[in-house]
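In the numbering used here, the protein residues as written are 337 to 782.
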């Protein structure tokens, strides 16, 4: 499981996964000059030979973050493509990682045509809370890894949006209003996800008193938003504003032994539910950390969810109580999919029928199919946030994979014009529905 550190446009260092099969270069072996000719990554479809699985390639260090459904997509450099073809893998290029940036961005707050930096999100959160004290409570729920080390970093922020009355938005599970939580950018390079949170916040606070549906939601629900679950990682992504860095993990380099660009922990493998040490080594994109809940970002998010949701579920194989309230959505990119629990196994979740039913209701609005487990390709996600919340608290929890596999509106870095014209409009009705469904997610759906 080794990686190759490369430079994009001479401005930012990007970690690109390479194979761990022999023969191959060790971490100390100089990269041949022929492999330095073109290090620009692209997206590829995969057709695997007999005896090779998606899980094998992930364990070998390849960047296949979206191997669910029937469309596993590889992110690879030309050198990696050559190695895989030598191994018998049939690859078809499906698109470019980067799209042209067609407009300037404001220094410090936006990048890549309009996506918001960590500072941009923080300024927005503060401004919204100050402008709408009757609707918004802003919480500091913990620190990023860098902040815990005195290296700068960020607070992990969460907003609770509702028409505030006594007892609302308290950090406990006794409030009367059902809770909907939107959780985004846990994988820093999935830039469209954080932008959905930004738009969602503005939609809610800007529509109260004028839009009857949203007014009703704020009167009867607590709508929680965690816009940046991985702000240190977002800093890395935004450090090259025209070709964002492909930083997936946080920036925890304490494990050692990796180039700086390859260090970090996959926060979506770090929860205390079904954590799996076999997910990868410190240099791999799916490295789960030295132990479960090892990362301060995980502590912050898991700690908040633990406080605001009551436990209505027993063991892994036991269903949640029928009167469970709440819905949790974590947004990722890409694939145009809704993933319902469980994601760590193909064994059906005890509430599978109800989880899929709610997923299909949301999918009817954003056009996404619903799947569970590995989707048939052997790529699981143990230690994921959504599995943790459903598995330990019983709250219906879903991953939305935002955007298509390729094209100007697809991949990790869609054009910002696509976000405003396509990606956000597709998610808006699904989010509104999820918020309504939080009152009776296992009962009669709205």
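Where is the CB? At the ideal position from N, CA and C, for every residue including glycine.
No experiment lies behind these values; they were computed from the predicted model shown.
Whole angstroms are fine: how far does the CA of residue 482 sit from the CA of residue 382? The residue given as residue 382 occupies position 46 in the chain shown. The residue given as residue 482 occupies position 146 in the chain shown. Answer to the nearest angstrom: the Cα atoms are 37 Å apart.
Residue 667 by DSSP, collapsed to three states: which one? Taking the chain shown and counting its residues from 1, the one referred to as residue 667 is at position 331. Residue 667: strand per DSSP, three-state reduction.
For a test of the three-state rule: what should DSSP assign to residue 493, helix, strand or coil? Sequence index remark: in the chain shown, residue 493 carries index 157 (1-based). Reduced to three states, the DSSP call for residue 493 is strand.
Near residue 774, what residues of its chain come up, given a Cβ to Cβ distance below 7 Å and the 5 sequence neighbours on each side ignored? Translated into positions along the chain shown, residue 774 becomes position 438. Answer for residue 774: 514, 515, 516, 557, 661, 662 and 663, listed in chain order.
Rounded to whole angstroms, what is the Cα-Cα separation between residue 697 and residue 734? Counting from one through the chain shown, the residue named residue 697 turns up at place 361. Counting from one through the chain shown, the residue named residue 734 turns up at place 398. Roughly 12 Å separates the two Cα atoms.
Which residues does DSSP list as the beta-bridge partners of residue 428? Looking up residue 428 in the chain shown gives position 92. Residue 428 pairs with 381.
Excluding the 5 residues flanking residue 453 on each side, which residues of the same chain have their C-beta closer than 7 Å to its C-beta? Counted from its first residue, the chain shown places residue 453 at position 117. A distance below 7 Å between beta-carbons, with the five flanking residues on each side excluded, links residue 453 to the following residues of its chain, in chain order: 444, 445, 446, 447, 570 and 574.
Please report the Cβ distance between residue 608 and residue 628, rounded to the nearest whole angstrom; I am assuming they are in contact, meaning their Cβ atoms lie under 8 Å. Taking the chain shown and counting its residues from 1, one reaches residue 608 at position 272. Taking the chain shown and counting its residues from 1, one reaches residue 628 at position 292. About 4 Å; that satisfies the 8 Å criterion.
For residue 683, is the classification buried or exposed, using 16 other Cβ atoms within 10 angstroms of its Cβ as the cut-off for buried? Along the chain shown, one-based indexing puts residue 683 at 347. By the 10 Å Cβ count, residue 683 comes out exposed.
Span separating the alpha-carbon of residue 675 from that of residue 576: By one-based count along the chain shown, residue 675 stands at place 339. By one-based count along the chain shown, residue 576 stands at place 240. Their backbone Cα atoms lie some 31 Å apart in a straight line.
Take residue 536 and list the residues in its own chain whose beta-carbon comes closer than 7 Å to its own, dropping the five residues that flank it on each side. Residue numbering aside, residue 536 sits at position 200 when the chain shown is read from its first letter. Counting only Cβ-Cβ distances below 7 Å, and skipping sequence neighbours, we find 518, 561 and 767.
On the CB-based measure, 16 or more other CB atoms within 10 Å of its CB, does residue 782 come out buried or exposed? Counted from its first residue, the chain shown places residue 782 at position 446. It is exposed - the Cβ of residue 782 has fewer than 16 other Cβ atoms within 10 Å.
Quick check on this structure: which residue in 771, 778, 477 and 779 has the alpha carbon closest to the alpha carbon of residue 554? Taking the first residue of the chain shown as position 1, residue 554 is located at position 218. Closest option to residue 554, Cα to Cα, is 771.
CB of residue 548 to nearest heavy atom of the ligand GDP: below 6 Å? Ligands are entirely absent from the displayed structure, and the ligand GDP is therefore not among its contents.
By the three-class DSSP mapping on this structure, what secondary structure does residue 520 have? As a working mapping, residue 520 is identified with position 184 in the chain shown. Residue state, collapsed to three classes: coil.
What residues are listed by DSSP as bridge partners for residue 464? In the chain shown, the residue the question calls residue 464 occupies position 128. Note: residue 464 sits in no beta bridge, so no partner.
Select from 606, 613 and 509 the residue whose C-alpha is nearest the C-alpha of residue 723. Position 387 of the chain shown, counting from 1, holds the residue named residue 723. Nearest option by C-alpha distance: 606.
Identity of the residue in 552, 597, 480 and 510 nearest residue 565 by Cα: Translated into the one-based positions of the chain shown, residue 565 becomes position 229. In terms of CA proximity to residue 565, 480 leads the group 552, 597, 480 and 510.
At least 3 beta-carbon pairs within less than 8 Å: the segment 485-494 vs the segment 541-553: no
With residue 643 and residue 744 assumed to form a contact (beta carbons below 8 Å), what rounded beta-carbon distance in angstroms separates them? One-based indexing of the chain shown puts residue 643 at position 307. One-based indexing of the chain shown puts residue 744 at position 408. Incorrect: roughly 41 Å between the Cβ atoms, too far for contact.
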